[in-house]
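Numbering (the UniProt record's numbering), first residue to last: 1 to 122.
Each residue gets a CB set at the ideal place from its N, CA and C atoms; glycine is no exception.
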């Protein structure tokens, strides 16, 4: 499915440790948006959803919903720190196009269909 690097796992664990409400894990998902059609999202999830893929990296549970799973196959999430700043970096081997800002992307499947796998177009 996807991979969380050691640096990303440490950062997520640090963020989770500061939460007052229970956190089941890091939810990684894909949503419509951006100039290339889709963008990544990450949030702290209070519970594991029915049908979620669950992986564990450095003690951090990562959750992916069934609709996002095909698009996130093979994705690598890292946490990078540089002079320009710090943040999570997502590498997606399935992306065939991304926008200049790097916040949105398109895969071959989503470009052809115009929707996420399993999503109906109306």
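Query, Result
"Run through the DSSP bridge pairs and tell me what residue 61 is partnered with.", "56"
"Helix, strand or coil for residue 48? Go by DSSP, reduced to three states.", "coil"
"Looking at C-alpha atoms only, which residue of 59, 29, 38, 39 is the closest neighbour of residue 49?", "29"
"Do residue 54 and residue 63 have their beta-carbon atoms positioned less than 7 Å apart in this structure?", "yes"
"Below 8 Å CB to CB, which residues in the same chain sit around residue 87 once its five sequence neighbours on both sides are set aside?", "79, 80"
"Does residue 72 come out as helix, strand or coil in the three-state DSSP assignment?", "helix"
"Determine the direct distance from the alpha carbon of residue 13 to that of residue 120, and round the result to whole angstroms.", "Residue confidence for residue 120 is low, a pLDDT of 34 falling below 50, so the modelled location carries little weight and cannot support an answer."
"So, for residue 11: in the same chain, excluding its five sequence neighbours on each side, which residues have a beta-carbon less than 6 Å away from its beta-carbon?", "79"
"Can you list, in chain order, the residues of its chain whose CB lies under 8 Å from that of residue 46, leaving out five sequence neighbours each side?", "21, 22, 23, 24"
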